[in-house]
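One structure is given here, and the rest of the page talks about it.
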Amino acid sequence: MTLETEPQRTPRIQPAHPRWEQDLALRDAPPSGKADSWDELNHLDETYLEFSMATDIPRGPLFWCGIICLATGLFPGYLMSITWPARGFDIWADGVLIAASLPMFCLALFFLRLDLRLPKDRPVRFNRRQGLVYANRYLWSHNPFGRWGGDAKVFAWSTLQAEITQQIDSGGEVATWRYAFELVACAPGSFEEVDRFRLQQGAQTTGQYEEQWELLRRYMNDGLEGLPAQQLRDRTPRFIDCLLFAMPWFAPTPTGRRARERMRGFFGTLMMVLMSLLFPLWLLFGVGNVIVMRLAPDATWPAGVDEASKRPG
Numbered sequence: 000m001t002l003e004t005e006p007q008r009t010p011r012i013q014p015a016h017p018r019w020e021q022d023l024a025l026r027d028a029p030p031s032g033k034a035d036s037w038d039e040l041n042h043l044d045e046t047y048l049e050f051s052m053a054t055d056i057p058r059g060p061l062f063w064c065g066i067i068c069l070a071t072g073l074f075p076g077y078l079m080s081i082t083w084p085a086r087g088f089d090i091w092a093d094g095v096l097i098a099a100s101l102p103m104f105c106l107a108l109f110f111l112r113l114d115l116r117l118p119k120d121r122p123v124r125f126n127r128r129q130g131l132v133y134a135n136r137y138l139w140s141h142n143p144f145g146r147w148g149g150d151a152k153v154f155a156w157s158t159l160q161a162e163i164t165q166q167i168d169s170g171g172e173v174a175t176w177r178y179a180f181e182l183v184a185c186a187p188g189s190f191e192e193v194d195r196f197r198l199q200q201g202a203q204t205t206g207q208y209e210e211q212w213e214l215l216r217r218y219m220n221d222g223l224e225g226l227p228a229q230q231l232r233d234r235t236p237r238f239i240d241c242l243l244f245a246m247p248w249f250a251p252t253p254t255g256r257r258a259r260e261r262m263r264g265f266f267g268t269l270m271m272v273l274m275s276l277l278f279p280l281w282l283l284f285g286v287g288n289v290i291v292m293r294l295a296p297d298a299t300w301p302a303g304v305d306e307a308s309k310r311p312g
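Residue numbers (the working numbering): 0 to 312.
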């Protein structure tokens, strides 16, 4: 394989992802650019690096969606209760109200189950001694009554490449760009996709993912030597950090300080100003985040995988 460091103008991995945005540096290319975890590391030593996915899905907004759906589903019942004494039970009118409330109850169950049962984190372990990557996953479906649960997949580092995909495309006269950072397992000696998994999503620029991939590449290829010092993530975030998770730069905590440092420059200042205009909404989401992060289960691994992913070899 040719050692490329420049982003490709056409997708390297085939078949191409329909929302492909940018190829990242080849897995075994020489070090280039800044390496930074963006505070997403749970653990780092000579044997393995644990990359957090706690921020992959914003926690709290889905909780409020569930509460709204639940209240909407209960409203027809309230109407029936206050009108029954005057008119009695009408099988057609009341049947329509009951039927209309059932989908809302299903939606409420889906949103609440997802936000409250999804583990707080689904970490990915990069074991450089073994040359393996262990991805902790939680499998769910849009069926709120279906069987949900966790498992893990193991990938050989020697087969992985990385790319950035778009999450939201342009629409009308307004374009809102968000990106996702995905690792792709390829057939040996080729760029033919076999499997993929998303490591991060939601960033409005690609710089964060370029720096995170650089950190992962350097660690897996060369170990701790030459890596810049990294701040490990606080696995028990403070109340104020949960409350202000959507606006971390307001938090008077180490997490808030690092967020302010990264939001410097014109674009960072503009984003802080624009998001601050919706402060009451973000604060409401923050209350939901506090509730969810108190009730959601901790991350778990299938039997034997937790120990295997930490072994030197």
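For every residue, glycine included, the Cβ atom is placed at its ideal position computed from N, Cα and C.
Q.
What would DSSP say about D168, mapped onto helix, strand or coil?
A. In the sequence shown, counting from the first residue as 1, residue 168 sits at position 169. Per-residue confidence for D168 stands at a pLDDT of 48, beneath the threshold of 50, marking its modelled position as unreliable; the derived number appears in the next sentence. Here D168 sits in strand by DSSP.
Q: Under 8 Å by Cβ, that's how I've got F104 and G287 pegged, so tell me the actual separation to the nearest angstrom.
A: Position 105 of the sequence shown, counted from the first residue, corresponds to residue 104. Position 288 of the sequence shown, counted from the first residue, corresponds to residue 287. About 20 Å; that fails the 8 Å criterion.
Q: Check the C-beta distance from N41 over to R310 and give it rounded, since I have them as a contact under 8 Å.
A: Taking the sequence shown and counting its residues from 1, the one referred to as residue 41 is at position 42. Taking the sequence shown and counting its residues from 1, the one referred to as residue 310 is at position 311. Wrong, their Cβ atoms sit about 17 Å apart, outside the cutoff.
Q) Candidates L73, D22, A24 and S31: which alpha carbon is nearest L226's? A) Along the sequence shown, read from residue 1 onward, the residue named residue 226 stands at position 227. The shortest C-alpha separation from L226 is found at S31.
(Q) Quick check: what's the CA-CA separation for Q21 versus A161? (A) The count along the sequence shown starts at 1 and reaches residue 21 at position 22. The count along the sequence shown starts at 1 and reaches residue 161 at position 162. If you take the alpha carbons of Q21 and A161, they lie about 9 Å apart.
Q) Cα separation between R26 and L159? A) Walking along the sequence shown from the start, residue 26 turns up at place 27. Walking along the sequence shown from the start, residue 159 turns up at place 160. Distance between the alpha carbons of R26 and L159: 7 Å.
Q: Take the Cβ of D240 as the centre, count every other Cβ of all protein chains shown within 10 Å, and call the residue buried at 16 or more, exposed below.
A: To locate residue 240, count along the sequence shown from 1; it is residue 241. The residue in question, D240, is buried, as its Cβ has 16 or more Cβ neighbours within 10 Å.
Q | Segment contact, 8 Å Cβ cut-off, at least three pairs: the region 247-258 with the region 212-220 | A | no
Q | Check whether Q129 and G312 have beta carbons under 9 Å apart | A | Counted from its first residue, the sequence shown places residue 129 at position 130. Counted from its first residue, the sequence shown places residue 312 at position 313. Yes, Cβ-Cβ distance for Q129 and G312 is below 9 Å.
Q: Please classify I12: does DSSP put it in a helix, a strand, or coil?
A: To locate residue 12, count along the sequence shown from 1; it is residue 13. It is coil, neither helix nor strand.
(Q) Please list the terminal residues of the continuous alpha helix (DSSP H) segment that includes A98. (A) As a working mapping, residue 98 is identified with position 99 in the sequence shown. Segment I90 to R116, the alpha helix (DSSP H) holding A98.
Q: With a floor of 4 residues, list each alpha helix (DSSP H) that falls wholly inside the region 266-294, ordered by position along the chain.
A: 278-294
(Q) For G171, count the other beta carbons within 10 Å of its own beta carbon; 16 or more makes it buried, fewer makes it exposed. Which is it? (A) Numbered from its first residue, the sequence shown carries residue 171 at position 172. Bear in mind that the predicted position of G171 carries a pLDDT of just 44, short of 50, making it too unreliable to give a figure here.
Q. Among C185, P143 and Q207, which one has its Cα closest to the Cα of A34?
A. For the purposes of this step, residue 34 is taken as the residue at position 35 of the sequence shown. Among C185, P143 and Q207, the Cα nearest to that of A34 is on Q207.
Q) By DSSP, does F190 sit in helix, in strand, or in coil? A) Translated into the one-based positions of the sequence shown, residue 190 becomes position 191. DSSP places F190 in coil when its eight states are reduced to three.
Q: Could you spell out the range, first to last residue, of the alpha helix (DSSP H) harbouring D221?
A: As a working mapping, residue 221 is identified with position 222 in the sequence shown. Residues G206 to D221.
Q: Between the Cα of F110 and those of I67, D89 and D120, spot the shortest distance and give me the residue it belongs to.
A: Working through the sequence shown from its first residue, we reach residue 110 at position 111. Nearest of I67, D89 and D120 to F110, Cα basis: I67.
Q. What is the residue span of the alpha helix (DSSP H) that D150 lies within?
A. Taking the first residue of the sequence shown as 1, we reach residue 150 at position 151. No alpha helix (DSSP H) contains D150, which is instead part of the beta strand (DSSP E) from G148 to A155.
Q. Is the distance from the Cβ of L48 to the Cβ of R124 below 9 Å?
A. Residue 48 sits at position 49 when you count from the first residue of the sequence shown. Residue 124 sits at position 125 when you count from the first residue of the sequence shown. Yes; because the gap between Cβ atoms is below 9 Å, this pair is in contact.
**Q.** Proximity of D114 and R197 at Cβ, strictly below 9 Å
**A.** Mapped onto the sequence shown, residue 114 falls at position 115. Mapped onto the sequence shown, residue 197 falls at position 198. No. Outside cutoff.
Q | Three CB pairs or more closer than 8 Å across the region 87-99 and the region 276-284 | A | no
Q) Going along the chain, which residues of its own chain have a beta-carbon closer than 8 Å to the beta-carbon of D297, five neighbours each way excluded? A) If you number the sequence shown from 1, residue 297 lands on position 298. Closer than 8 Å at Cβ, skipping near neighbours: P118, K119 and D120.
Q | Status (buried if at least 16 other CB within 10 Å, exposed otherwise) for S36 | A | Here residue 36 refers to the residue found at position 37 when the sequence shown is read from its first residue. Flag for S36 reads buried.
Q.
Please classify W212 as buried or exposed, where buried requires at least 16 other C-beta atoms within 10 Å of its C-beta.
A. Against the sequence shown, residue 212 aligns to sequence position 213. The residue is buried, with at least 16 neighbouring Cβ atoms inside 10 Å.
Q) Out of V193, T54, A92 and H141, which has the shortest C-alpha to C-alpha gap to A155? A) Here residue 155 is taken as the residue at index 156 of the sequence shown, counted from 1. Out of V193, T54, A92 and H141, V193 has the C-alpha closest to the C-alpha of A155.
Q) Are there 16 or more other CB atoms within 10 angstroms of the CB of F266, so buried, or fewer, so exposed? A) Locating residue 266 in the sequence shown gives position 267, where the first residue counts as 1. With fewer than 16 other Cβ atoms within 10 Å, it is exposed.
Q: Rank K152, P75 and A258 by C-alpha distance to the C-alpha of V304 and give the top, closest one.
A: One-based indexing of the sequence shown puts residue 304 at position 305. Comparing Cα-Cα distances from V304 to each of K152, P75 and A258, the minimum goes to K152.
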